[in-house]
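Beneath this line is the structure, given in structure tokens, with notes to follow.
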Amino acid sequence: MKNYQNPKGTYDVSPEMAAKYQQLEGTLESLAHFYGYEEIRTPIFEDTGVFKRENDSSDMVNKEMYTFSMNGKDSFTLRPEGTAGVVRSYVQNKMYANADQPVKMYYYGPMFRHEHPQKGRYRQFEQFGIECIGAKSPMLDAEGIALGYSMIKTLGLSNVRVRINSLGDDESRKNYRAKLTEYFRPHAEELCADCKRRLEQNPLRILDCKVDADNPVMKDVPLISDSLNEPSKEYFREVLACLDALVIPYVIDPKLVRGLDYYTDTVFEVENITGKAGAQATVFAGGRYDGLVSYFGGPEVSGFGFAMGMERLILLAEDEGVKLDEKPKTDVYVMSLGNVGTKPLELATEARALGYITDFNYAPRSLKAQFKTVDRLDAKITVIAGESELAEGKVNIKNNRTKEQVTVSLEDYADTLDEMMEDILNETDSL
RNA sequence: GCGGUCGUGGUGAAGCUGGUUAACACAACGGAUUGUGGCUCCGUCAUGCGCGAGUUCGAGUCUCGUCGAUCGCCCCA
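Structure representation (structure tokens):
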């Protein structure tokens, strides 16, 4: 017999953890609905081309994807991110023809990246994200950031910071790219190996490099803000004005670029500033993408979105002592004494039909052991199905708060349970 | 892809420079107390130390490999 383990970088969600996830999901979904977002569900795998677009230089796309083929011809990939699939769906289903634009959608589910796992980073991980496709306005950028921000705040997390930047439109970025290449080329030898490669492929990423962050070359690097054309500058100013109006604090980080290549104009990252989440400080991040819809064959419309890492959210919530695991408490526990056949199951089922969270004893165990279970579950009421009482058509019902016990006929079982539960709830309320 | 630390029952863990019965605590189960609990006392609970090889008279302890976990680099949510 072989002992199996879950694959590296994956994890099981235990019942306790599932309770947290459910609560998180509920909070995020209801806030998204509040902002006019509706859920979309796309396949967990797509044609590889959906994710791997021409000229894409990101590590995520080039070396971290789970790609497979069932016949040696076609190629599919487990989604490493949510945006591409949603945009593909927007185009394929001609959502651009919907009367109301933009189309606002949120998604939730697993993403897959073949990375080396560490704190807050897994190979299969959950993301919650939004996409707002079909319109371009600084107000939409700000609204998206505000939505994510309110999610964080609603969850009770406080130690976060919004970093924001603008990559400008195509023209601005082209100019900037040229400037950067020109600036770095004479210093190529001073850069790290990765950055030498980036110099040709995607010089913007050099700004993001941690290795070269302290490199003297970086000190006088031209900033994108100086390369933005007038429309791009104006757009960025307006986005910031919107954030000001919404009283969302932010810092402008002129060196912020993102890992995906499709971003234009607004990019942002919201990170934890306690350092307690390990090296993975980014809680949610995203930005605007002008070219993606048309890349998939749709019209020249823009989109905006962000993605949020659930594992990191939970990590931070626990760190800040936010309670996410309010588990529903057991109301009734049915004990069995002697040879009582299927009665405990029947009595439990009847209690459940009354709306009580109920569990029961199914195997011969000592009274003491059964009471221990009752204590552990902190059940409000114990029903004791005793052999001799049942023989007379009766059952014991005990109020675990007052320890009072009554013996009633089976016909009065439901009514007695209801009365006792009402007493207990009233008692608790008055405390 | 690279580097550090770690891997002992259901859980938390002891285990010294290898030495022969793998501590202790919690939980669980049974009993003291034939059917009314949370206290107390007693008892039971790893034929084995992630897995596989090697060194040795002898390995949880040393070596190598392997698989995992964890943290960092890189990258990213």
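452 is the number that the numbering used here gives the last residue of the first sequence; the numbers go up by one with no jumps.
C-beta: ideal position from N, C-alpha, C; glycine also.
* Beta-carbon proximity list for Ser-246, same chain, < 6 angstroms, skipping 5 on both sides -> Translated into the one-based positions of the first sequence, residue 246 becomes position 225. Listed in chain order, the non-local C-beta contacts of Ser-246 below 6 angstroms within the same chain comprise Pro-275, local neighbours out to five positions each way being set aside.
* Local Cβ density within 10 Å of Ala-199, reported as buried at 16 or more and exposed below that -> Here residue 199 refers to the residue found at position 178 when the first sequence is read from its first residue. It is exposed - the Cβ of Ala-199 has fewer than 16 other Cβ atoms within 10 Å.
* Flag this pair as yes or no: are the beta carbons of Val-108 and Gly-324 separated by less than 9 angstroms? => Translated into positions along the first sequence, residue 108 becomes position 87. Translated into positions along the first sequence, residue 324 becomes position 303. With contacts defined by Cβ atoms closer than 9 angstroms, Val-108 and Gly-324 form a contacting pair.
* Would you check if the distance between the CB atom of Val-465 and the CB atom of Val-353 is smaller than 9 angstroms? => The first residue shown for the chain is 22 and the last is 452, placing residue 465 beyond what the model contains.
* Which residue comes first and which comes last in the beta strand (DSSP E) that contains Ser-358? -> Against the first sequence, residue 358 aligns to sequence position 337. One detail in the question is off: residue 358 reads as Leu in this sequence, not Ser. Taken as a continuous stretch (DSSP letters only), the beta strand (DSSP E) holding Leu-358 covers 353–358.
* How long is the line joining the alpha carbons of Met-441 and Gly-376, rounded to whole angstroms? -> Counting from 1 along the first sequence, the entry for residue 441 is found at position 420. Counting from 1 along the first sequence, the entry for residue 376 is found at position 355. CA-CA distance, Met-441 to Gly-376, rounds to 14 angstroms.
* Sequence ranges, beta strand (DSSP E) only - wholly within the segment 353–392, length at least 3 -> Segments of the beta strand (DSSP E) lying fully in the segment 353–392: 353–358, 379–381.
* Asked: Taking all protein chains shown into account, do 16 or more other C-beta atoms lie within 10 angstroms of the C-beta of Ile-12, making it buried, or fewer, making it exposed?
  -> As displayed, the chain neither begins before 22 nor continues past 452, which places residue 12 out of reach and without an answer.
* Span of the alpha helix (DSSP H) holding Asn-196? -> Locating residue 196 in the first sequence gives position 175, where the first residue counts as 1. Unbroken alpha helix (DSSP H) run through Asn-196: 191–205.
* Do Phe-133 and Tyr-87 have their C-beta atoms closer together than 9 angstroms? -> Position 112 of the first sequence, counted from the start, is the residue given in the question as residue 133. Position 66 of the first sequence, counted from the start, is the residue given in the question as residue 87. Contact: yes.
* Member of Pro-365, Arg-373, Lys-389, Asn-421 whose CA lies at the smallest distance from the CA of Glu-408 -> One-based indexing of the first sequence puts residue 408 at position 387. Ranking Pro-365, Arg-373, Lys-389, Asn-421 by Cα distance to Glu-408 puts Pro-365 first.
* Fully enclosed by the segment 266–344, which alpha helix (DSSP H) runs are 4 residues long or longer? -> Qualifying alpha helix (DSSP H) stretches, in chain order: 313–316, 331–340.
* **First through last residue of the beta strand (DSSP E) which encompasses Leu-188** => Taking the first sequence and counting its residues from 1, one reaches residue 188 at position 167. From DSSP, Leu-188 is part of no beta strand (DSSP E); its letter is neither H nor E.
* Alpha carbon to alpha carbon, what distance is there between Met-116 and Gly-57? -> Taking the first sequence and counting its residues from 1, the one referred to as residue 57 is at position 36. Taking the first sequence and counting its residues from 1, the one referred to as residue 116 is at position 95. One Cα belongs to Gly-57, the other to Met-116, and the distance between them is close to 16 angstroms.
* To do: Give the C-beta separation of Ile-154 and Pro-123 to the nearest angstrom, bearing in mind that I take them to be a contact with Cβ-Cβ under 8 angstroms.
  => If you number the first sequence from 1, residue 154 lands on position 133. If you number the first sequence from 1, residue 123 lands on position 102. So it is a contact: roughly 6 angstroms between Cβ atoms.
* **Buried or exposed by the 16-neighbour rule on C-beta atoms within 10 Å, applied to Phe-149** => The residue labelled residue 149 in the question sits at position 128 within the first sequence. Label assigned to Phe-149: buried.
* **Val-108, enclosing alpha helix (DSSP H) - first and last residue** => Mapped onto the first sequence, residue 108 falls at position 87. Segment 104–113, the alpha helix (DSSP H) holding Val-108.
* Asked: Three or more beta-carbon pairs under 8 angstroms between the segment 241–258 and the segment 211–223, yes or no?
  -> In this structure the segment 241–258 does not lie against the segment 211–223, because fewer than three pairs of beta carbons, one per stretch, are closer than 8 angstroms.
* Cβ-based burial, Tyr-434 [other Cβ within 10 Å; buried from 16] -> As a first step, residue 434 must be located in the first sequence, where it is residue number 413. Tyr-434 should be labelled buried.
* Can you give me the start and stop residues for the beta strand (DSSP E) that Leu-178 sits inside? => Sequence index remark: in the first sequence, residue 178 carries index 157 (1-based). For Leu-178, no beta strand (DSSP E) segment is defined, and its DSSP state is neither H nor E.
* Asked: Starting from Lys-415 and walking both ways along the beta strand (DSSP E), at which residues does that stretch end?
  -> Against the first sequence, residue 415 aligns to sequence position 394. Membership of Lys-415 in the beta strand (DSSP E) is indicated by the continuous run 415–420.
* To do: Could you have a look at Glu-67 and say whether DSSP puts it in helix, strand or coil?
  => Mapped onto the first sequence, residue 67 falls at position 46. Annotated three-state conformation of Glu-67 is strand, per DSSP.
* To do: In angstroms with no decimal places, state the Cα-to-Cα distance between Thr-449 and Asp-340.
  => Working through the first sequence from its first residue, we reach residue 449 at position 428. Working through the first sequence from its first residue, we reach residue 340 at position 319. Between Thr-449 and Asp-340, the C-alpha separation is close to 30 angstroms.
* **For Tyr-127, three-class secondary structure by DSSP** => Here residue 127 is taken as the residue at index 106 of the first sequence, counted from 1. Note: Tyr-127 maps to strand in three-state DSSP.
* Asked: What residue does the beta strand (DSSP E) around Gln-505 start on, and which one ends it?
  -> The question about residue 505 has no answer here: the residues shown for the chain are numbered 22 through 452.
* Asked: Among residues of its own chain, excluding the 5 on either side of Gly-189, which ones have a beta-carbon nearer than 6 angstroms to its beta-carbon?
  -> If you number the first sequence from 1, residue 189 lands on position 168. Closer than 6 angstroms at Cβ, skipping near neighbours: Leu-249, Ser-253.
* Please name the residue or residues paired with Ser-430 in a DSSP beta bridge. => Walking along the first sequence from the start, residue 430 turns up at place 409. BP columns for Ser-430 point to Lys-415.
* **Reduced DSSP category for Glu-60 - H, G, I as helix; E, B as strand; rest coil** => Within the first sequence, numbered from 1, the residue matching residue 60 stands at position 39. Shown here, Glu-60 sits in a strand according to DSSP, grouped into three states.
* To do: Please say whether Val-343 and Leu-168 have beta carbons closer to each other than 9 angstroms?
  => Within the first sequence, residue 168 is the residue found at index 147, counting from 1. Within the first sequence, residue 343 is the residue found at index 322, counting from 1. It is not a contact, given that the beta carbons lie outside the stated cut-off.
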